[in-house]
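As they're listed, the protein sequences go chains A and B. Counted the way the working numbering counts, the first sequence spans residues 1 to 245. Counted the way the working numbering counts, the second sequence spans residues 1 to 282. Cβ atoms here follow ideal geometry from the backbone N, Cα and C, with glycine treated the same way. Have a look at the structure below, then the notes.
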Amino acid sequence: MLFSSKYFIITFFILMFTGNIAAQVKLSSNIDAGENNVSEGFCVKSSLWGSWQIDKIRIEGGTQFDLKSVNDNFFTAASLLAGRKFLIGKFQFEAQGLLIYNLFSEPIHESNLGILTNIERKHFIFKLGTEFRNYHITKRGVKEYDIESNKVIHENWNLIYLFQYNLKPYDHKWNIGTSITNIDQFLINQETNPMVNLKGRYKISSPLTLYFESWYMSAGSLNISAGYFGYFLRTGVIWSPGLIK
Amino acid sequence: MESRVNKIIYLLIWSFVFQACDKFELRGFILSYESPDRRFEQSMKWNSENPYKEINVTSDDYTICVMADSHTGTTKNLDLFMEQAIQMNALAAVMAGDITNGHREDYVTFKGHLPDQNDLLTFQIAGNHDLYFDGWKQFYSLFGSSTYIFKVKTPVASDLFICTDTGSGTLGSDQLDWLKDVLENMRQNYRYCIIFTHNNLFRIRHTVSTNPFVEELRVLLELFLEHQVDMVIAGHDHEKNVVLFGNTTHITLDALKDDYKNAGYLNVFIKQGKIDYEFINF
Chain A
1 MLFSSKYFII TFFILMFTGN IAAQVKLSSN IDAGENNVSE GFCVKSSLWG
51 SWQIDKIRIE GGTQFDLKSV NDNFFTAASL LAGRKFLIGK FQFEAQGLLI
101 YNLFSEPIHE SNLGILTNIE RKHFIFKLGT EFRNYHITKR GVKEYDIESN
151 KVIHENWNLI YLFQYNLKPY DHKWNIGTSI TNIDQFLINQ ETNPMVNLKG
201 RYKISSPLTL YFESWYMSAG SLNISAGYFG YFLRTGVIWS PGLIK
Chain B
1 MESRVNKIIY LLIWSFVFQA CDKFELRGFI LSYESPDRRF EQSMKWNSEN
51 PYKEINVTSD DYTICVMADS HTGTTKNLDL FMEQAIQMNA LAAVMAGDIT
101 NGHREDYVTF KGHLPDQNDL LTFQIAGNHD LYFDGWKQFY SLFGSSTYIF
151 KVKTPVASDL FICTDTGSGT LGSDQLDWLK DVLENMRQNY RYCIIFTHNN
201 LFRIRHTVST NPFVEELRVL LELFLEHQVD MVIAGHDHEK NVVLFGNTTH
251 ITLDALKDDY KNAGYLNVFI KQGKIDYEFI NF
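Below is the structure:
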């Protein structure tokens with residue numbers, strides 16, 4: 001896992017500092033506010049995102065900070081995504097590699113390494129992929145709770161999916177969309193626990209876009225007599241200045 | 001257009017077939033009749049009128065038999081389980097959910113096949129199937145609480161057993177607070193701590209069965225690590241599995257139901273001061 005992470009980061013910085021290539025840069029920031037069965041009341045999180053696109057290659061990185069939560073940590077997650085667009089005949093898609101690292105407590109962390117296909121059409125976005133999750137006990141946890149073995153649990157080949165419908169074409173000044181998915185910025189849920197959301201965005205001026213999302217989380221589906229798990233609202237701004245050399 | 005109409009017709013037929021099946025209920029799939037918080041509230045009310053059981057044993061060694069997913073209906077394996085538990089002089093039997101398919105007649109059948117409590121103490125937990133067809137009302141009227149503890153006191157130590165309700169795929173916020181409180185305030189007074197629940201926590205193999213939401217799982221893992229929970233025993237997935245994480249052994253049981261080819265249960269032994277387990281298959 002560390003080996004893979006190292007190459008992700010090296011590629012990320014090489015592309016980031018390749019000065020003589022025109023890159024499409026995008027920066028965004030958002031705040032999530034909501035509550036769920038484990039949040040012990042209202043919780044607020046914020047995240048910062050940077051994205052660099054050079055020709056067919058895209059690198060995206062993000063960090064999450066808990067502003068109000070029961071979490072021990074302030075810095076609670078990081079995500080790195082590398083994608084490349086392909087065209088086979090008339091079929092265009094993007095292959096993505098994904099790494100998410102969650103520091104949800106001092107003694108236990110979670111990491112997700114995934115690959116997925118992203119297909120964007122005029123009104124639809126589909127994502128399909130798989131990921132490998134592990135929960136591991138940190139050095140601090142090992143020391144504090146006297147753990148000698150069994151420090152990691154692996155959950156392999158988890159399905160990732162997203163089906164999104166947008167009312168307007170992708171580059172329209174404003175848009176409203178809805179999706180069902182098991183993936184969010186720093187969370188990959190089990191495939192059996194889909195989340196549904198309603199999204200809206202509005203381009204204020206050329207580089208700035210405001211967006212708003214409302215998410216509902218169910219504790220299960222299909223074979224479970226499902227209960228409510230939680231909800232959150234998200235609002236953010238995207239700064240996309242165009243090509244930067 | 002014709003294709004779209006066909007799809008809608010297929011979907012409607014599928015929904016009706018699904019609805020007609022006596023093991024599944026479309027409404028129950030989508031939403032619980034009662035929220036987990038509501039069931040927890042009722043369980044606590046029952047607990048306040050029926051204090052937690054403390055079982056005193058004269059020997060240091062004892063056995064607890066655990067089964068899940070009997071899905072009564074039929075009772076061949078259920079009867080076998082009870083018979084073997086009594087034969088081996090088990091201290092108690094825990095039934096970790098999906099004991100019925102939620103129908104009233106299933107509950108009546110199940111209750112009718114339970115042994116006399118003087119022969120074998122039994123503890124029940126609700127699973128998702130027990131909640132279908134408005135089944136919680138039957139569960140509550142026959143067994144009462146689905147969230148409680150029981151204690152076993154031997155001449156040398158006391159052990160704590162915690163039963164939790166994850167029939168809706170989540171503990172719910174109130175039951176989670178209760179679990180935290182029990183672990184924080186009681187755990188240190190006991191030698192071993194075993195948690196029984198219906199939903200298995202980890203997704204080690206791929207099935208359509210549902211696990212708790214990732215954010216809930218994170219909280220539970222930290223709680224179990226911090227409070228040195230020895231075992232978490234669950235059903236739901238119908239196929240046995242053992243995962244070790246830190247000092248906690250997470251066990252998923254084979255289903256006990258009659259038509260399952262590897263039907264079985266689990267014996268938990270406390271023997272010579274140590275904790276051990278054994279899967280039994282029919």
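Less than 8 Å separates the beta-carbon of B:G102 from that of B:Y132.
Separation of the CB atoms of B:G167 and B:N128 is rounded to 5 Å, and the pair is thereby assigned contact status at 8 Å. Cβ proximity to chain B below 7 Å picks out Y135, I137, G141, Y145 from the stretch 130-146 of chain A. Flagged as an interface residue toward chain B: A:I108, by a C-beta distance shorter than 8 Å. In the structure shown, B:N189 adopts helical secondary structure according to DSSP, grouped into three states.
Nothing from the stretch 80-103 of chain B brings a Cβ to less than 7 Å from some Cβ of chain A. In this structure B:D165 does not touch B:Y33 by the C-beta definition: roughly 13 Å separates them, more than the 8 Å allowed.
Taking 8 Å as the threshold, the shortest C-beta distance from B:R218 to chain A falls below it. Distance from the CA atom of A:E94 to the CA atom of A:F186, rounded to whole angstroms, is 20 Å. Collapsing the DSSP output to three states places B:Y140 in a helix. When DSSP states are grouped into helix, strand and coil, B:Y107 belongs to the helix group.
Excluding residues up to 5 positions away in sequence, D258 lie with their Cβ nearer than 6 Å to the Cβ of B:T74 in the same chain. Close partners of A:E155 in chain B (Cβ separation under 8 Å): F202, R203, I204.
Residue state for B:F133 is assigned as helix, using DSSP reduced to three classes. Closer than 7 Å at the C-beta level to chain A, one finds these residues of the stretch 120-149 of chain B: N128, L131, Y132.
Those residues of the stretch 219-239 of chain A placed with their C-beta closer than 9 Å to a C-beta in chain B are A219, G220, S221, L222, N223, I224, S225, A226, G227, Y228, F229, G230, ordered along the chain. Per DSSP, reduced to three states, the secondary structure at A:N102 is strand. The alpha-carbon separation between B:N211 and B:G169 amounts to approximately 7 Å. One thing to note: A:R140 has its Cβ within 8 Å of the Cβ of A:E106. Less than 8 Å separates the beta-carbon of B:A93 from that of B:T122. Taking all protein chains shown into account, B:H238 has 16 or more neighbouring C-beta atoms within 10 Å of its C-beta and is therefore buried.
Judged by beta-carbon spacing, A:I119 lies beyond the 8 Å limit of A:G97, meaning their Cβ atoms are not closer than that value. The CB of B:G246 comes closer than 8 Å to the CB of I137, G141, Y145, I147, N150, K151 in chain A, given here in chain order. For B:N211, the nearest beta carbon of chain A is closer than 8 Å to its own beta carbon. Nearest neighbour of A:T192 by Cα position, chosen from B:S209, B:E278, B:S35, turns out to be B:S209. Nearest in C-alpha terms to A:S218, of all of A:S205, A:C43, A:N182, A:G236, is A:N182. Three or more beta-carbon pairs separated by less than 8 Å link the stretch 269-277 of chain B to the stretch 53-68 of chain B, which places the two stretches in contact. As a beta-bridge residue in DSSP terms, A:I180 pairs with A:F163, A:V196.
When Cβ-Cβ separations below 8 Å define contact, A:N73 makes no contact with chain B.
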